[in-house]
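Residue numbers (the working numbering), protein chains in the order written: chain A, 22 to 363; chain B, 22 to 363.
Idealized CB from N, CA, C, for every residue including glycine.
See below for the structure under consideration.
There are 2 protein chains.
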Amino acid sequence: MRKRVSLKDVAREARVSVTTASYVLNRKPDARISEETSRRVRAAAKRLKYVPNISARTMISRRSQLIGVIIPQTGSSHRLMFDNPFYGEFLSAVEYVVREGGYHLLLSGTGPYQDYSSIAQMRNLDGIIIVGTYPSEFLDELKKTGIPVVLVDAYIQDHYFHTVSINDRHGGYLATKYLIDKGHREIAFVSEKLRDKGVHHQRFLGYSDALEEAGIPLRKEFLYEGDVAYHGGFAVAQEMVKRGKRETAAFAVADIMALGLVNGLRAQCLSVPEDISVIGFDNVPLSTMSLPEITTVNQDIWEKGSQAARIVIEAVEGGAKRDVILPLHIVERDSVKDINLD
Amino acid sequence: MRKRVSLKDVAREARVSVTTASYVLNRKPDARISEETSRRVRAAAKRLKYVPNISARTMISRRSQLIGVIIPQTGSSHRLMFDNPFYGEFLSAVEYVVREGGYHLLLSGTGPYQDYSSIAQMRNLDGIIIVGTYPSEFLDELKKTGIPVVLVDAYIQDHYFHTVSINDRHGGYLATKYLIDKGHREIAFVSEKLRDKGVHHQRFLGYSDALEEAGIPLRKEFLYEGDVAYHGGFAVAQEMVKRGKRETAAFAVADIMALGLVNGLRAQCLSVPEDISVIGFDNVPLSTMSLPEITTVNQDIWEKGSQAARIVIEAVEGGAKRDVILPLHIVERDSVKDINLD
DNA sequence: CCTCCATGGTGAAGCGTTTCATCTAATGTG
DNA sequence: CACATTAGATGAAACGCTTCACCATGGAGG
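Below is the structure:
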C-alpha cells in the first residue's frame, strides 16, 4: 500500500500552498480564491484520489462527525435487543438520517455503562442518541461531557437532554379504551414487572385510566407479568388458563409479547379472537406475522429514529433544545372481537 | 464545559514530562520508569479524570480502534435488513466481541457503496466486516485500501479477503434430505429469484443434490419465487394452492419466509404439517414463533458474528488469512410430518 | 581518577488538518 | 503620483499524542 495522499500532496500537485488547498476543498465561503486556482486544486485532489483525514480534522475542529448510539441489551446475555424488532427499525432510521447528514454512526450496547462518557470524550462524539431507561448517574456523567444527547423513550425531565417519545400513557389508554368500546370489561394487562419509570409503567397507567373512565374496577388478578419477549407472552397464556381465564380480552404492552400470547393461547386450544381478544403495542412487522394478524397501537418507529437523528444533528449544529412527542393511533386488524354484536 | 484535560495537564500535575506521562499511561514495556514516578502519573491522571484523545493517537499510530461493519439494506427502502432477525443477532455478536477487544463499531448501511473505501480511509478503519454479496468493483476498491476485510456469506474467492460462512449447499442438501427421509418426494423449493452467487443459489444446489441422490427428478413447477420476507412466503402459499398444491413438503431458504409460508398455508385452510410439511433455514428465534414451531437448519449466527469479529481483530493485529466454515445441523420441531408412518 | 554502562528521564519532531495573521500585487481614488 | 483598498494567496501555529534520539546521574570496574 503506497503512502496515503495528504493535503500537502494535493497542494504540491496543484502548485499552491496547503492553506489554499484546504480552503478550496472546504469551500470556505469567505476565503478569496480565484476560479482558476480552485479548479486546479480540485483537479489535483481528484487525480491523486485525495481523501481527507478525519482524525486530523477532528483534532482542530473538535468535531468528529460521529454520532454515538446506545441500544439496550437483553438482561442476561450480551445480545443487543434486536429480538424486539423495534430496535432494528429504529436503528435503520437513525443510520439513514445520520448518513445523509454527513455523519457516521458509532454503535454500542449498554455494556460500557459507566465508561460511555469516556468513550464519548475519547472519540469526540458530536452527539449521542440513547434509547431506553438508564440510571441517572449514567446520564449525569454524560451531561458533564457537554455533548448533545437525545433520549428516546426515557421518562426523564432534565433541561439538558433533548427527548423524543410517544405518550405511552395515552397509548395505553387508547388500547384499553378500544377494547372497552368493543364491549370488553374483563381485560388482562400483560407486561414485564413494572418499574416506576419506563414506557411500560406509563402504558399501565393508561390502562387504569381507561378502566376508571369506564367505571370498571381494576382487578389484580387480571395483571400478568412476563418478559417482554415471545416466550414471555407465551408463558402468560398458560398462566391465564391456569387462573381460569376470566378475561375476554388482553392488552399486551408490546407486539412481540402479544404474538407470544396469541400463539400461547392457541396452543391451549383457545382461539383468538373468538375466545379472547388481544391487542398489542408498537405495530412492528411481527404483528402481521400471526394468524390472526394483531390489532395494535401504532407508533411510527421510523419517524422516531429519524427525529432522534435529526434533532441530534440539529443540536450539534447549534439548534435549540427540543422535545418531540410522536402521535399514536390504533391499527385495526383481526385479533379483537366486537362482543357488542353477540 | 471546562477545557478537556490533555496529557500535558497530567504531566504538569505529576511534575514529569509529557513523554514520561505517555509512557506510563501506555504501559510501554521497554520504557524505564521508576515505580514512584509511575504512581505519581497514574494518580494525576485519575485525579484529573484524564481521557486520551483517540484522534491524536490515530494520527500517529495509524490505528483508529474502529471496526467498520456493513449491513445490507432492503432493496427499495433505506432500511437496514433487520426485518430478517439474522442481522440483529449477527450484529449483536460482532458488537460484543469488538467491544471486548477494545475496539469500537462503525455501522453503515450499503448506501455509500462506492464511497465506503473513502469512509474507511477517512476514518482510518482498522478492519472491515461485510455481510452479504456485493459487486466486485466495490470489493476491489476496498482491497486497494489495504485494510483487512472479513467477508461473511459471500461466495468470493480472493486471497485478499478473510471469510466466514457456512456450507449453504450442504445445508440445502441436509434440509431436503431430511424431508426425503421422512418420506416426501414432492418437495417445493421456495426462494427469491436466484442469482449466481449468493447463499440462496447454493441452497438450491443442495436441494437438487439431495433430489438427484434419491433419484427424484427436479420439477420446475415445484420451484417458487418470492421476496425473502414474511410476505414473500405468504404469497408463495397462495401461488401454491393456485397451482393445485401437488407437493407434500416445502423447503424455504429462510425461516422468515418459512413462517410466511406456514401462515399463508394456514390462511388457505391447509394445515401444517398434516397437509404439507415445511422446513426453514437459519434457526432464528422467529422459527419458534409460529404454530407449529418450524423445523429448520440451524446455523450458529452468534458464532458467525463472533468469528467474523475475532478474525478481523486478529488480522488487524497481524494474524494470518483465515477462512472459517461453520457447522450446520437440523433442528427438529413440529412442522414436518413423517409420512412413512401413514 | 577515568571510562562504561545501566537507570530514569526529557526535548522535539511529526502526524494531517484548520485558521489567524500577514504579505504581495494590482486596482481604485483623490 | 501617492495612498488606500482589495483580491488572492501564504506561513506558521496549534490540536494532543507517540516516539526517536539524546541527556543526566551514579555506581561498577579497571
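{"Asked": "Suppose you measure from the CA of residue 260 (chain A) to the CA of residue 183 (chain B); what does that come to, to the nearest Å?", "Found": "49 Å"}
{"Asked": "Mind checking whether residue 293 (chain A) and residue 319 (chain A) have CB atoms under 7 Å apart?", "Found": "no"}
{"Asked": "Start and end of the beta strand (DSSP E) containing residue 30 (chain A)?", "Found": "Looking at the DSSP string, residue 30 (chain A) is not in any beta strand (DSSP E); the run it does join, the alpha helix (DSSP H), is 28 to 35."}
{"Asked": "Using 8 Å for Cβ pairs, my map puts residue 39 (chain A) next to residue 62 (chain A). What's the rounded Cβ distance?", "Found": "Contact doesn't hold; Cβ gap of about 11 Å is too wide."}
{"Asked": "Please return the same chain residues whose Cβ sits closer than 7 Å to the Cβ of residue 222 (chain A), not counting the five positions on each side in sequence.", "Found": "215 and 216"}
{"Asked": "Helix, strand or coil for residue 361 (chain A), going by three-state DSSP, please let me know.", "Found": "helix"}
{"Asked": "Run through the region 250 to 324 of chain B for me and flag every whole beta strand (DSSP E) of 3 or more residues, listed as ranges in chain order.", "Found": "270 to 273, 298 to 303 and 316 to 320"}
{"Asked": "Determine whether the Cβ of residue 139 (chain A) lies closer than 7 Å to any Cβ atom of chain B.", "Found": "yes"}
{"Asked": "Sort out for me which residues DSSP pairs residue 230 (chain B) with in a bridge.", "Found": "None, per the DSSP bridge assignment."}
{"Asked": "When we look at the beta-carbon of residue 361 (chain A) and count the other beta-carbons within 10 Å, is it buried (16 or more) or exposed?", "Found": "exposed"}
{"Asked": "By the criterion of Cβ-Cβ separation under 8 Å, what are the contact partners of residue 77 (chain A) in chain B?", "Found": "76 and 80"}
{"Asked": "Leaving out the 5 sequence neighbours to the left and right, which residues in its chain are closer than 6 Å to residue 172 (chain A) when beta-carbon positions are compared?", "Found": "151, 182 and 184"}
{"Asked": "Leaving out five residues on either side along the sequence, give the residues of the same chain with a beta carbon under 7 Å from the beta carbon of residue 218 (chain A).", "Found": "154 and 176"}
{"Asked": "Compute the Euclidean distance between the alpha carbons of residue 349 (chain A) and residue 323 (chain B), then round it to the nearest angstrom.", "Found": "35 Å"}
{"Asked": "Grab the span of the alpha helix (DSSP H) containing residue 52 (chain B) for me, first residue to last.", "Found": "From DSSP, residue 52 (chain B) is part of no alpha helix (DSSP H); its letter is neither H nor E."}
{"Asked": "Given that residue 73 (chain B) touches chain A, what residues does it touch there, using C-beta distances under 8 Å?", "Found": "143"}
{"Asked": "Looking only at C-alpha atoms, which of B:186, B:168 and B:304 sits nearest to residue 340 (chain B)?", "Found": "B:168"}
{"Asked": "Could one say the Cβ of residue 355 (chain B) lies closer than 7 Å to chain A's Cβ atoms, at least one of them?", "Found": "no"}
{"Asked": "Between residue 306 (chain B) and chain A, is any beta-carbon pair separated by less than 7 Å?", "Found": "yes"}
{"Asked": "Could you name the residues of chain A that residue 116 (chain B) contacts, counting a contact when the two beta carbons are closer than 8 Å?", "Found": "101, 128, 129 and 130"}
{"Asked": "Relative to the C-alpha of residue 274 (chain A), which candidate in A:60, A:328, A:325 and A:194 has its C-alpha closest?", "Found": "A:194"}
{"Asked": "Could you please tell me which residues of the region 342 to 354 of chain B, in chain order, have their CB closer than 9 Å to any CB of chain A?", "Found": "none"}
{"Asked": "Are the region 231 to 239 of chain A and the region 279 to 290 of chain A in contact at 8 Å, needing three or more beta carbon pairs?", "Found": "no"}
{"Asked": "Can you check the region 126 to 186 of chain B for any alpha helix (DSSP H) of at least 4 residues that lies completely inside it and give the ranges in chain order?", "Found": "137 to 143 and 157 to 166"}
{"Asked": "Considering only heavy atoms of the ligand ADP, does any lie closer than 6 Å to the CB of residue 73 (chain A)?", "Found": "Absence of the ligand ADP from the depicted structure is noted, as is the absence of any ligand whatsoever, leaving it without description."}
{"Asked": "For a test of the three-state rule: what should DSSP assign to residue 94 (chain B), helix, strand or coil?", "Found": "strand"}
{"Asked": "Along the chain, where does the alpha helix (DSSP H) containing residue 433 (chain A) start, and where does it finish?", "Found": "The structure shown has nothing for residue 433 (chain A), since chain A only spans 22 to 363."}
{"Asked": "Since residue 245 (chain B) sits in a beta bridge, which residues does DSSP pair it with?", "Found": "B:211"}
{"Asked": "Between residue 43 (chain B) and chain A, is any beta-carbon pair separated by less than 7 Å?", "Found": "no"}
{"Asked": "Here's a check: name, in chain order, each residue in its chain whose Cβ is nearer than 6 Å to the Cβ of residue 210 (chain A), leaving out the five neighbours to either side.", "Found": "228, 244 and 272"}
{"Asked": "Identify, in the order they occur along the chain, each residue of the same chain with its Cβ nearer than 7 Å to the Cβ of residue 315 (chain B), setting aside the five sequence neighbours on each side.", "Found": "276, 279, 280, 283, 299, 301, 308, 354 and 356"}
{"Asked": "Take residue 42 (chain B) and list the residues in its own chain whose beta-carbon comes closer than 6 Å to its own, dropping the five residues that flank it on each side.", "Found": "28, 31, 32 and 62"}
{"Asked": "Around the C-beta of residue 203 (chain B), are 16 or more other C-beta atoms found within 10 angstroms, so that it is buried, or is it exposed?", "Found": "buried"}
{"Asked": "Can you tell me whether DSSP reads residue 222 (chain B) as helix, strand or coil?", "Found": "helix"}
{"Asked": "In chain order, what are the residue ranges of uninterrupted alpha helix (DSSP H) at least 4 long that sit wholly in the region 61 to 127 of chain A?", "Found": "75 to 82 and 106 to 121"}
{"Asked": "Using a Cβ-Cβ distance cut-off of 7 Å, determine whether residue 125 (chain A) contacts chain B.", "Found": "yes"}
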